[in-house]
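Engineer:
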Amino acid sequence: MSDVETLDRPPPIGRHGRVSAEEQREFARAKQMLPGGALGGNALAEDVKFVFKRGEGGRFWDVSGNCYIDYVLGSGALVLGHAHPAVQAAVADQAMRGTHFFAYLNEPAVQYAERLMPHFRCAERIRFTTSGSESTFHAMRLARAFTGRSKVLKFEGAYHGNHDYAQLSTSPKRASNYPVGVPDTAGIPDVVKGLTLVAPFNDLEAARAIIAANKDELAAVIVEPIQRIISPQPGFLQGLRDATREHGVLLIMDEVVTGLRYGLGGAQAYFDVVPDLATYGKIIGGGLPVGAVAGRADILDQADPSTKANPGYVYQNGTLQGHPLGCAAGMATLSVLETPGFYDRLFAMADRLRAGLQQVFDRHDMGAVVFGEGPMWHFLFTDRAPVTYRDVLESDQKKLAAFDTELIRQGIFVLPGTRRFVAATHTEEDLAVTFEAFDRACRAFKA
Ligand SMILES: Cc1ncc(COP(=O)(O)O)c(C=O)c1O
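Position one of the sequence shown corresponds to residue 16 (the working numbering), numbered consecutively onward.
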């Protein structure tokens, strides 16, 4: 790619100041109705915000007609990219026969459970939910009921969803005083704050010490096997498995991100560590709201409705769980994932992306390190890939925020500051266009 090529051709993607009157009107209406004009906790900067119109494969278009390459991919739910024909067909087909039946048995849910369970090594039972947050919430409740203990240990920088037991030290700006967590949101009752302990990720000795010191009160340790984008150090996950087992504490592997992404067996197979419970979301819904808790029969059977009269019964229910449309979308996705060579291609695509991006950064002397494992990637302005959450904090976060905003301006959609995904439907052309956009972003940034 020569300078002349990148400078002379009009960028095929990105906004470049094109905002239609229609999109402006939608921003204005959203601002009147929605807190902060946003649907959730992530709002884009004023000059790069957009309204999604449609998506296809690894790309999407905004209301003004501008095209972007998508590395957010529905927060990682769309491993097949947008509007995959097999998923569309499965959802349409199910929709013709009914969209929702409440959490009684329905055919797609039973079929999907049967297809998923052989892939998940811990899964003697599975219970569908409607999101990753619900999955971690219910896994924690099941663990508390099973052990008769109240506390759960999580790791600094890990995200397990939006509920009160998870919103501690997910992204603390100041150092945690382990094992005391730092609340990420207002509104968590004081009594609840103390129930979630926090340890540093990838520090097995620290985790072991906290587990041992709190063993009589600790129901479970919950871990993201790849924490956001930080890979576990060799032996870390197995060390947690051993330490939890030694003290009768349950190990919950939060596979909301890794499930079906790091192979059909997710992180359990990838790292060869089997937890007591695993939580799922994102990919298993094929882009629709499906989550799941899978694991040991003796733990999940606490939620057997025929035992409602028993004191040990655990309530786990939701209007939309086992959703037939979501299970149909998930099954259609799974069929593609089960195609021989699928993960080899996905991983190879991510490797090429990482290598190409590092070249662009190096060419411009940007002082960035591109890293990640398998189909997730990220870069930080630092000199080495992070091993702990503190390493991430010590990288140049301001520069990252500014560069990520420039990327969106150039048509590369990333969630600012957060790790990114690759879809199986990203094409070689998408990669080439991405490298050009990064090149433009580096120039703009330095200018
Ligand atoms: C590891 C992990 N657990 C749980 C969740 C929560 O899932 P959801 O947003 O579907 O509630 C997320 C969401 O990003 C996640 O990454």
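The beta carbon of each residue, even a glycine, is placed where N, CA and C say it ideally should be.
So what does DSSP say about Leu-279, is it helix, strand or coil?
Structural biologist: Looking at Leu-279 - three-state DSSP - the assignment turns out to be coil, as it is neither helix nor strand.
Engineer: State the Cα-Cα distance for the pair Pro-320 and Tyr-328, rounded to the nearest angstrom.
Structural biologist: One C-alpha to the other measures close to 8 angstroms.
Engineer: For Arg-455, collect the residues of the same chain with a Cβ closer than 6 angstroms to its Cβ; drop the 5 residues on either side in sequence, then sort them by chain order.
Structural biologist: Closer than 6 angstroms at Cβ, skipping near neighbours: Gln-425.
Engineer: Quick check on DSSP: helix, strand or coil for Gly-274?
Structural biologist: Correct three-state label for Gly-274: coil.
Engineer: Would you kindly report the start and end of the unbroken beta strand (DSSP E) that includes Phe-386?
Structural biologist: Counting along the chain, the beta strand (DSSP E) containing Phe-386 begins and ends at 384-386.
Engineer: Let me make sure I understand the geometry here. Which of Thr-259, Pro-304, Phe-117 has the alpha-carbon closest to that of Pro-290?
Structural biologist: For Pro-290, the nearest C-alpha among the options comes from Thr-259.
Engineer: With a threshold of 7 angstroms on Cβ separation, who are the neighbours of Asp-18 within its own chain once the five nearest residues in sequence on each side are excluded?
Structural biologist: Confidence at Asp-18 is low in this model, with a pLDDT of 40, below 50, so its placement is unreliable and the value that follows should be read with caution. Closer than 7 angstroms at the Cβ level, and outside the excluded window around Asp-18, lies no residue.
Engineer: Of all the options Val-351, Gly-337, Phe-286, which has the alpha carbon lying nearest to the alpha carbon of Thr-145?
Structural biologist: Comparing Cα-Cα distances from Thr-145 to each of Val-351, Gly-337, Phe-286, the minimum goes to Gly-337.
Engineer: Below 9 angstroms between beta carbons: does that hold for Ile-298 and Ala-104?
Structural biologist: Cβ distance not < 9 angstroms, so Ile-298 and Ala-104 don't count as in contact.
Engineer: Among the candidates Val-63, His-178, Ile-84, whose CA atom is the shortest distance from the CA of Arg-69?
Structural biologist: Nearest option by C-alpha distance: Ile-84.
Engineer: By a C-beta neighbour count over all protein chains shown, 10 Å radius and 16 as the cutoff for buried, is Arg-189 buried or exposed?
Structural biologist: Looking at its Cβ environment, which holds fewer than 16 other Cβ atoms inside 10 Å, Arg-189 is exposed.
Engineer: With a cut-off of 9 angstroms, does the C-beta of Ala-258 fall near any C-beta of chain D?
Structural biologist: Absence of chain D from the displayed structure is noted, only one protein chain being present.
Engineer: Quick one: is the Cβ of Thr-294 within less than 8 angstroms of any heavy atom of ligand 1?
Structural biologist: Flag set: Cβ of Thr-294 near ligand 1.
Engineer: Since Cys-82 is in the beta strand (DSSP E), which residue starts that stretch and which ends it?
Structural biologist: Here the beta strand (DSSP E) through Cys-82 covers 82-85.
Engineer: What does DSSP give as the partner residue(s) for Lys-188 in the beta ladder?
Structural biologist: Bridge partners of Lys-188: none, in fact.
Engineer: Can you list, in chain order, the residues of its chain whose CB lies under 6 angstroms from that of Cys-342, leaving out five sequence neighbours each side?
Structural biologist: Cβ neighbours of Cys-342 beyond the five flanking positions: Pro-123, Ala-124, Tyr-127.
Engineer: What are the uninterrupted segments assigned as alpha helix (DSSP H) that are 4 or more residues long and contained completely in the stretch 132-173, given in chain order?
Structural biologist: The qualifying runs are 147-162.
Engineer: Do Pro-198 and Glu-171 come within 9 angstroms of each other at the CB atom, strictly closer than that value?
Structural biologist: The answer is no: Cβ separation not under 9 angstroms.
Engineer: Under the rule that 16 or more other beta-carbon atoms within 10 Å means buried, what is Ala-465, buried or exposed?
Structural biologist: Lying outside 16 to 462, the shown extent of the chain, residue 465 is not represented and no answer is given.
Engineer: What number of angstroms, rounded off, separates the C-alpha of Thr-151 from the C-alpha of Val-264?
Structural biologist: One C-alpha to the other measures close to 16 angstroms.
Engineer: Is the beta carbon of Ile-28 sitting closer than 9 angstroms to the one on Ala-158?
Structural biologist: Contact flag unset, no.
Engineer: Between the Cα of Gly-300 and the Cα atoms of Arg-156, Ser-350, Ala-282, Asp-398, which residue gives the shortest distance?
Structural biologist: Among Arg-156, Ser-350, Ala-282, Asp-398, the Cα nearest to that of Gly-300 is on Ser-350.
Engineer: How far does the beta strand (DSSP E) with Tyr-295 in it extend, from its first residue to its last?
Structural biologist: Run containing Tyr-295: 292-295, per the beta strand (DSSP E) assignment.
Engineer: Helix, strand or coil for Gly-70? Go by DSSP, reduced to three states.
Structural biologist: The answer is strand: DSSP assigns Gly-70 an E or B state.
Engineer: Report all residues from its chain with a CB closer than 6 angstroms to the CB of Ala-383; omit the five preceding and five following residues, and keep chain order.
Structural biologist: Taken in chain order, the residues that qualify are Phe-376, Phe-394, Phe-396.
Engineer: To the nearest angstrom, how far is it from the Cα of Leu-275 to the Cα of Phe-362?
Structural biologist: About 13 angstroms.
Engineer: Consider the C-beta atom of Asn-177 and the heavy atoms of ligand 1; say whether any pair is separated by less than 8 angstroms.
Structural biologist: Because some heavy atom of ligand 1 lies under 8 angstroms away, the Cβ of Asn-177 counts as near it: yes.
Engineer: Once DSSP output is grouped into helix, strand and coil, what is the label at Leu-408?
Structural biologist: In this structure, Leu-408 counts as helix in the three-state DSSP scheme.
Engineer: Run the proximity test for Tyr-404: is its beta-carbon closer than 8 angstroms to any non-hydrogen atom belonging to ligand 1?
Structural biologist: Not so, every heavy atom of ligand 1 lies at least 8 angstroms from the Cβ.
Engineer: Is the beta carbon of Ala-312 less than 9 angstroms from the beta carbon of Arg-243?
Structural biologist: It is not a contact, given that the beta carbons lie outside the stated cut-off.
Engineer: Using DSSP with H/G/I as helix, E/B as strand and the rest coil, what is Asn-435?
Structural biologist: With the sequence shown as reference, residue 435 is identified as Arg, and Asn is not the correct amino acid for it. Strand at Arg-435.
Engineer: Does the Cβ of Gln-429 lie closer than 8 angstroms to at least one heavy atom of ligand 1?
Structural biologist: Looking at the sequence shown, residue 429 is not Gln but Val. False, no ligand heavy atom lies under 8 angstroms from that Cβ.
Engineer: Please report how far the alpha carbon of Val-429 lies from the alpha carbon of Val-195, in whole angstroms.
Structural biologist: Distance between the alpha carbons of Val-429 and Val-195 is about 32 angstroms.
Engineer: Cα-Cα, which of Leu-415, Phe-453, Gly-52, Thr-449 is closest to Val-66?
Structural biologist: Closest option to Val-66, Cα to Cα, is Gly-52.
Engineer: Could you check what DSSP says for Phe-394 in three-state terms: helix, strand or coil?
Structural biologist: In this structure, Phe-394 counts as strand in the three-state DSSP scheme.
Engineer: Pull up the distance between the alpha-carbon of Met-391 and that of Ala-43, whole angstroms please.
Structural biologist: If you take the alpha carbons of Met-391 and Ala-43, they lie about 34 angstroms apart.
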